[in-house]
Amino acid sequence: MHHFERRDGVLHAEAISLERLAAAVGTPFYCYSEATLRRHMRVFKAAFADLDPLVAYSVKANSNLAVLAIMREEGAGADVVSGGELYRALEAGIAGSKIVFSGVGKTKEEMAAALDSGVFQFNVESENELDALNEVALSRSAVAPIAFRVNPDVSAGGHEKISTGKAEDKFGVAWTRARDLYARAATMKGVAIKGVDVHIGSQIAELAPFERAFERVADLVRALRADGHAIERLDLGGGLGIPYGEPAGGAGDPPHPDDYAGLILRIAAPLDIRLIFEPGRMIVGNAGVLVSRVLYVKEGEAKKFLIVDAAMNDLIRPALYDAYHGVKPVALREGDSEPYDIVGPICETGDRFARARPLPPMKAGDLVAFMSAGAYGAAQSSQYNSRPLVPEVLVNGERFAIIRRRPAFSEMTAAERNPEWKSA
Ligand code: LLP
40 MHHFERRDGV LHAEAISLER LAAAVGTPFY CYSEATLRRH MRVFKAAFAD LDPLVAYSVK
100 ANSNLAVLAI MREEGAGADV VSGGELYRAL EAGIAGSKIV FSGVGKTKEE MAAALDSGVF
160 QFNVESENEL DALNEVALSR SAVAPIAFRV NPDVSAGGHE KISTGKAEDK FGVAWTRARD
220 LYARAATMKG VAIKGVDVHI GSQIAELAPF ERAFERVADL VRALRADGHA IERLDLGGGL
280 GIPYGEPAGG AGDPPHPDDY AGLILRIAAP LDIRLIFEPG RMIVGNAGVL VSRVLYVKEG
340 EAKKFLIVDA AMNDLIRPAL YDAYHGVKPV ALREGDSEPY DIVGPICETG DRFARARPLP
400 PMKAGDLVAF MSAGAYGAAQ SSQYNSRPLV PEVLVNGERF AIIRRRPAFS EMTAAERNPE
460 WKSA
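For any residue, its number in this note's numbering is found by taking its place in the sequence shown, counting from 1, and adding 39.
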């Protein structure tokens, strides 16, 4: 459920019309609903209320500081995968003791920064990384709390570019080798074994892959305990899909968090273990939209194009994963629907948000909203074609705030220099 609804025919974010926001900040822009962000975090936490898990919001999904601050207020920690994300989480006031550090390629500098901020856990993804972490910790007289991310070799459906739990994927350590690695880690003075971690992919629309993966890691927890390791934590990653509003025939609706929780309770409760989750999309995906204005309606030879002022640099999901995003005219339009290809101004054929999308007759100047754009939208945007990053706006009831402003062209080029030998 989200708070983007029509009032008097006009799409609103909570109590503010997107038309009013477009007039105030210009298009394109991202708009987030604070009530929706909070609601999703509460629904997630409530599903596991009895267990008091650490819900480490996955910063990569939407890393705006204002969004992170809301997560902190809701009691969440953070799942980070880079020094930059660690910086953001700390800036937003999230305590190191609630931060888990994931990712296959942590640098020694990043490990040192994470140790200095007292992170809750490193999710270690290879033997080489274990050695590096041990070394960094010893050099700082610290002990790094660790879990190994195990790769359960489970196919999680979804798009191949966001599936992570198959043996051929780069992620995690083979679950068949995990016991040897734990035995090695137990001999190291710079690391302390705390738990087991697994994350199998994203936008997972069914429970079965989670079930297979979680049963495997539960078996591993039992085996590791039998080997004498004190396994007190189980990090089950993120990945729960969200409805993108695809019409019948497309991807179905994903499971409700309560059903996901039911499955986990059945598998994990007997282990008597502290659970950690790293949800991203589930929290922010449907809490955000990208609002764009129609520049031109172009009658092509074969089809009709809606050329809008947002482009693949602002929201790359359709181009990168063939992802479906609902598109809604901000103001209701009269007339029979007709199919439009909705494209941006970038010089690439792939700069297309939707193919043959049925919409009422649209004209230049109309506003459209790309729905479900709160996760991996702004976070994956770039300045390709020298298009500055678009603003992000947060709505709270009848109030709104620009939580990232539109930069000037001069800011876009501020870090660039001619080489000295050219400036004479
Ligand atoms: N934990 C780890 C270790 C992850 O790699 C990810 C996402 C998450 C948690 C959060 O997963 P979520 O709950 O959001 O599914 N850019 C792609 C999605 C990439 C996901 C990468 N890892 C997209 O736009 O669909």
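Cβ atoms here follow ideal geometry from the backbone N, Cα and C, with glycine treated the same way.
- Between the alpha carbons of Arg272 and Ala362 lies a distance of about 34 Å.
- Looking from the CA of Asp266, the closest CA among Glu431, Ser425 and Arg223 belongs to Arg223.
- In this structure, ligand 1 has a non-hydrogen atom nearer than 7 Å to the beta-carbon of Asp118.
- Sixteen is the threshold: since fewer than 16 other Cβ atoms of the shown chains lie within 10 Å of the Cβ of Gly339, the residue is exposed.
- Counted as a single uninterrupted DSSP element, the stretch harbouring Gly416 is not any alpha helix (DSSP H), since DSSP gives it neither H nor E.
- Where Pro427 is concerned, there is no enclosing beta strand (DSSP E), because DSSP gives it neither an H nor an E.
- Residue pairing by DSSP places Phe161 opposite Phe140 and Ile185 in a beta bridge.
- A contact is defined here as three or more CB-CB pairs under 8 Å, and the region 350-369 meets this definition with respect to the region 412-420.
- Collapsing the DSSP output to three states places Leu263 in a helix.
- Beta-carbon to beta-carbon, Ile185 and Gln160 are separated by about 7 Å, close enough to satisfy the 8 Å threshold.
- Taking a 10 Å sphere around the C-beta of Tyr126, we find fewer than 16 other C-beta atoms and assign the residue as exposed.
- Per DSSP, Gly276 has no beta-bridge partner at all.
- For Asp155, there is no enclosing beta strand (DSSP E); the residue is found in the alpha helix (DSSP H) stretching over Lys147 to Asp155.
- Proximity of the region 377-387 to the region 307-320 falls short of the contact definition, fewer than three beta-carbon pairs being nearer than 8 Å.
- Ile306 sits in a helix when the DSSP states are folded into three classes.
- Ser420 and Asp380 have their alpha carbons spaced roughly 21 Å apart.
- DSSP places His79 in the helix class (H, G or I) of the three-state scheme.
- Set against 7 Å, the gap from the CB of Lys145 to the closest heavy atom of ligand 1 is not smaller.
- Ile442 is positioned such that its CB atom lies no closer than 8 Å to that of Ala52.
- For Ala117, the number of other beta carbons within 10 angstroms of its own is at least 16, and it is reported as buried.
- Lys99 sits close to Glu124, with the two beta carbons spaced by under 8 Å.
- Distances between the C-beta of Glu285 and the heavy atoms of ligand 1 are all 7 Å or more.
- A heavy atom of ligand 1 is found nearer than 7 Å to the CB of Gln419.
- Within its own chain, the residues whose Cβ lies closer than 6 Å to the Cβ of Arg264, once the five positions on either side in sequence are excluded, are Ile270, listed in chain order.
- By the 16-neighbour rule on beta-carbons within 10 angstroms, Leu371 is exposed.
- Looking from the CA of Val323, the closest CA among Lys337, Phe344, Leu279 and Pro430 belongs to Leu279.
- Setting aside the 5 residues that flank it on each side, Met110 is surrounded in the same chain by Tyr96, each with a C-beta closer than 6 Å to its C-beta; the list follows chain order.
- According to DSSP, Arg438 shares a beta bridge with Asn435.
- The DSSP-derived three-state label of Asp353 is coil.
- Secondary structure at Tyr283: coil, using DSSP grouped into helix, strand and coil.
- Each residue's CA atom was taken as its position, placing Pro92 and Val82 some 13 Å apart.
- Distance from Phe392 to Pro368 at the Cβ level is roughly 14 Å; contact not present, criterion being Cβ atoms closer than 8 Å.
- Cβ contact annotation for Glu44 (same chain, cutoff 8 Å, sequence separation greater than five): Leu50 and His51, in chain order.
- Per the Cβ contact rule, the region 67-78 is in contact with the region 431-441 (3 or more Cβ pairs under 8 Å).
- Out of Ala171, Arg445, Tyr221 and Phe249, the CA that lies nearest to the CA of Ile306 is found in Phe249.
- Residue pairing by DSSP leaves Ser194 without any beta bridge partner.
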